[in-house]
Amino acid sequence: MGCNRVMRCVLALLLLASLLPAAKVTLVKQPAGWRLLRDGKPYFIRGAVAYQFLDRLAAAGANSIRSNPDRLDEAHRHGLTVLVNLPMGSPRHGFDYTDPGAVAGQRERIRQIVLKHKDHPALLAWCLGNELSIRTTAGERLRVWKEMDSLIRLIKQIDPNHPVSTASGDAYRRELTEIQEHVPALDFIGLNAYHDMLTLPEDVARQGWTKPYAVTEFGPVGHWQVPKTEWGVPIEQTSSEKAAFYAKAYRHAVADRPLCLGSYTFLWWQKMEKTHTWYGLLLTDGSRTEAVDAMQELWTGKLPANRAPRIGPMKITVPMGSFTAGANIRAVLDTWDPDADPIHIAWDLRPDLAGDPRVGGDFEESVAPLGWAVTDQRGAEATIALPNQTGKFRLFATVRDGKGSAATANLPILIQPAPGPFPAVKPALDSSSFGAGIQRTMHLLATSTPHHRKRVRILFYGQSITKQAWWWPVADDLRRRFPHATIDAQNLSLGGYSTQYLIRTTPQDVYAFQPDLVVFHVYGDEARYEQIIADIRSHTSAEILIQNDHPTSRTDDDPRNYDFQPRIAAKYGCGFLDLRTPWREYLKEHNLTPKDLLRDAVHLNDHGVFVMAELTRRYFQMRDNGDTNLVSAFPADGELRWQANRMKLTFEGNRIDAVAAPGLAGLRARVLIDGQPPAVWVHTRPSRAWGADWTAINRITFEKPPVEEEWRAELFDVAPDASRFRFRVIGSRTGPDGEGDNKTRFVSTSGRVVIEPEDWAIERGARLTRTAMPEGFLIHWRSIPQFAAVYESPRIDDLAQEHVVTLAQGLPNGKHTVELVAEGLTAPAIAEFRAYRPAR
């Protein structure tokens, strides 16, 4: 009886829905901009691309979905409208717009769908096709646009009560111009945008588009837009990074934009696209990620009562030297829960298919985890058994709070053959010089304890030799020796970059990373070599360990290795690692020639990588007579304390940090350096040139102080060999900022971007790879502060982990004052200040 009663209720609701009149939806242009009216009332789209869990979507504050016609009834039951997808064929999927029979058949299919659903009360608008121009020629697109215009006119004859759109993908800038000319019947454009959300309104305005737009997809940074590993797979954001990007993108491209009708997030559930976690706001089991929290706050103005777990900035860390077939690695996840809920972490290892070339959301097979890979798990740590095979894999961590929310992170892993075994490197007969010049770093490592974990940043920098895999076991050995330090080791080396190029990239690479130590090797002339060392010393507080060249022939005996480099190390207070002498001794002892450790004339083979790692890692020694006074600590007690909501300190150096003490989170204080708000800026390394292993622009500077924002350069009028081209620069906050060419010094309209002609690396890459510029090629970078304008006390869940904020770095080396001015009645808790000064 109960079951029958339920069925009768459901049928009654469906019948009622069929009897309700369809809402009339119109577009009107008002003084404040375009508005969507539904039965005469303003209707701003707060939606998601969705097929499942529609009840949860409505509960989060959404009012619409973009979906297929078969979801109309369910959407209506939950009070949601539907932007209905209409299946217009894509040339890349084989649809031929020169085939009259195929075109006529498609028209009839679309006509039947519109006839069937035009009076449904949940219908909001029609969306004709999705990203139809991917991998098309100009001629193919023209045929698509003309047929689209004909279809829109057909739809409007059948249903004059609902507007018609289409969804444009990554090439929307080109499509806006073409559609405006060839599809005049279109009511509004749908834009699928990811990283481009940060410049979307500016792009639309620049293309002269005056009709309204809706964001028909937006989400995290797309897999084609993120940085890639050295082996070519995209690096996915954590769920916390995605949530922050959702909010930033929405505020920039959707909220309060006069042409914008609203937006649909992508995707309300989950799908396999490069990974199984990349685009879903929900996990497969329906668990909410932090992006749902962000969207709910944007839609309703309120966060949910219980929030999703977070992934911290260290993400997943592993010993980087252990990626060999059959090895066991220890992985650690940086995670916490904002509501202090107990969390459970699930780890799994899967083959990595993120390099799959399919585009536009085309179907991809799911990838099953290797069920045997996780051999042990304790808290946020797990032991992972790597397979006995080489290849690309990805380590996933999923955090659940037991209340329906989750967080995700993953790490690409390249498993390589186990090297060797190779003859061991004998201990050095004289190790008295080991550790010289790096004692500040060694002190940070050695004084980290289970109750006081310090963060140490180590940058390996240079060209292709430094980029080789020897640095992994060096970083791995430091993590093994100093397990309580939080070591962030990165390698930003650029293959093919001798001193003449590296001198230009150093500011945006080294300054932005804020390393404690730079392990450095490069070939090139002495003047630029010294200038690179001097620049790092004068703009950062990093120590430097200089390596000389490894032997490449029996007769190679460049005096620079024994004279110039040791002199530079002494002059600038750097460590100096003599590789050549023990390398030659190793060769002699084992009856080897230099080429036995090389894979070509200069680059290391596996044996050479082993020797380089062994000779480098043993240099990292703590010395009793080392100068550790280059970091000055000023505890915030006694004379240094808050007085009338101010705290002031005089220090010497070029960097000042504040270490948080336990206390209330969210308390704020303005930062003043030498009585003024700090203003030290840097542009980050731009994205890569096509087909090359280096950045597209070696260095970007400024004439006027930047603001924190995303930047993009678009190239046009590109010569076949890329020897000449023009470009335009757009900032996410600045907007369009001028055009230039690669042969002339460029100063943007705002003065926030300066590019010298010699800093373009496009032509060099195109010449070496003999490839033309790919369609849609863009150059991305950011302008970021090297200071904190406001200090905000953090939430401290782990008392053992230091919470350090760099208040300013890159200052002229010398005496300065730092002053904090509390913004409220209660000042943030400070444990101490740390001032850093170069050794020379």
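For the sequence shown, the residue numbers in the working numbering are 1 to 840. Just so you know, even glycine gets a beta-carbon here, dropped at the ideal spot from N, CA and C.
What three-state label does DSSP hand Val204 in the structure shown? Three-state result, Val204: helix.
Nearest to Ser493 (by Cα), restricted to the options Phe482, Ala469 and Ala104: Answer by Cα proximity: Ala469.
Cβ shell of Lys467 (< 7 Å), same chain only, five flanking positions each side left out: Here the set comprises Asn491, Ser493 and Gly495.
Enumerate, from N- to C-terminal direction, the unbroken beta strand (DSSP E) stretches of 3 or more residues contained entirely within the segment 471-528. Fully enclosed beta strand (DSSP E) runs of 3 or longer: 486-491 and 517-521.
Please list the segments of the alpha helix (DSSP H) lying wholly inside the segment 279-305, counting only runs of 4 or more residues, in order along the chain. Segments of the alpha helix (DSSP H) lying fully in the segment 279-305: 290-300.
At what residue ranges does the segment 383-468 contain a whole run of the beta strand (DSSP E), taking only runs of 3 or more? 391-400, 406-415 and 455-462, all fully within the segment 383-468.
Counting C-beta neighbours from all protein chains within 10 Å, is the total for Ile697 16 or more, i.e. buried, or is it exposed? So Ile697 counts as buried.
Just to confirm, are Phe323 and Gln621 a CB contact at a threshold of 7 Å? No.
Do Phe218 and Ser287 have their C-beta atoms within less than 7 Å of each other? No. Outside cutoff.
Presumed contact (8 Å Cβ cut-off) between Arg307 and His344, rounded CB distance: Between Arg307 and His344 the beta-carbon gap is near 16 Å, outside 8 Å, which marks them as no contact.
Per DSSP, the bridge partner or partners of Phe716: In DSSP, Phe716 forms a bridge with Arg726.
Would DSSP call Asn844 helix, strand or coil? For the chain, the structure presents residues 1 to 840; residue 844 sits outside this window and is missing.
Suppose you measure from the CA of Gly740 to the CA of Leu386; what does that come to, to the nearest Å? Distance between the alpha carbons of Gly740 and Leu386: 50 Å.
Going straight from the alpha carbon of Ala679 to that of Arg685, what length do you get? Between Ala679 and Arg685, the C-alpha separation is close to 19 Å.
My output table needs one value for Lys815: the three-state DSSP class, helix, strand or coil. When secondary structure is reduced to three states using DSSP, Lys815 falls in the strand class.
Would you check if the distance between the CB atom of Arg479 and the CB atom of Ala800 is smaller than 7 Å? Not a contact, by the Cβ cut-off of 7 Å.
Express the C-alpha separation of Asp600 and Pro551 in angstroms, rounding to a whole number. When rounded, the separation of the alpha-carbon atoms in Pro551 and Asp600 is 13 Å.
contact_flag[the segment 732-750, the segment 706-720] where n(CB pairs < 8 Å) is 3 or more: Yes, they touch.
What distance in whole Å lies between the Cβ atoms of Ala122 and His182, which are believed to be in contact at a cut-off of 8 Å? No, His182 and Ala122 are not in contact; Cβ-Cβ is about 31 Å, not under 8 Å.
Assuming Val114 contacts Ile158 under a Cβ cut-off of 8 Å, what Cβ separation, rounded to an integer in Å, is found between them? Confirmed, Cβ separation roughly 5 Å.
I need the straight-line Cα distance from Leu411 to Ala835, nearest angstrom please. Distance between the alpha carbons of Leu411 and Ala835: 34 Å.
Whole-angstrom C-beta distance between Leu83 and Cys127, which should lie under 8 Å: Correct: roughly 5 Å between the Cβ atoms.
Consult DSSP for Val609 and reduce its assignment to one of helix, strand or coil. The answer is helix: DSSP assigns Val609 an H, G or I state.
Could you give the C-beta distance for Lys315 and Thr398, rounded to a whole number, given that I count them as a contact under 8 Å? No, Lys315 and Thr398 are not in contact; Cβ-Cβ is about 13 Å, not under 8 Å.
Let me know the secondary structure DSSP gives Glu802 once reduced to three states. Glu802 carries a coil assignment under DSSP once its states are collapsed to helix, strand and coil.
For Glu652, the residue or residues it bridges with in DSSP: DSSP lists Lys815 as partners of Glu652.
So what's Arg767 in DSSP terms, helix, strand or just coil? Of the three classes helix, strand and coil, the one that applies to Arg767 here is helix, per DSSP.
Whole-angstrom C-beta distance between Pro69 and His117, which should lie under 8 Å: Between His117 and Pro69 a beta carbon distance of about 5 Å is seen, short of the 8 Å cut, so the two are scored as contacting.
Return helix, strand or coil for Tyr572, following the three-state DSSP convention. Tyr572 falls in the coil class under three-state DSSP.
First and last residue of the alpha helix (DSSP H) that includes Ala75? First-last of the alpha helix (DSSP H) with Ala75: Leu72 to Arg77.
Assuming contact is defined by CB atoms lying nearer than 7 Å, are Ile779 and Ile700 in contact in what I supplied? Between Ile779 and Ile700, the CB-CB gap reaches or exceeds 7 Å.
Identify which residue in Glu140, Arg726 and Ile546 has its Cα closest to the Cα of Glu763. Checked all of Glu140, Arg726 and Ile546; the closest Cα to Glu763 is Arg726.
When you compare only the Cα positions, how much space is there between Tyr194 and Ala244? When rounded, the separation of the alpha-carbon atoms in Tyr194 and Ala244 is 13 Å.
Verify whether the separation of the beta carbon atoms of Gly524 and Ser553 is less than 7 Å. Not a contact, by the Cβ cut-off of 7 Å.
Which term fits Pro342, buried or exposed, when burial requires 16 or more other beta carbons within 10 angstroms of its beta carbon? Exposed, since its Cβ has fewer than 16 Cβ neighbours within 10 Å.
For His120, three-class secondary structure by DSSP: The answer is coil: DSSP assigns His120 none of H, G, I, E or B.
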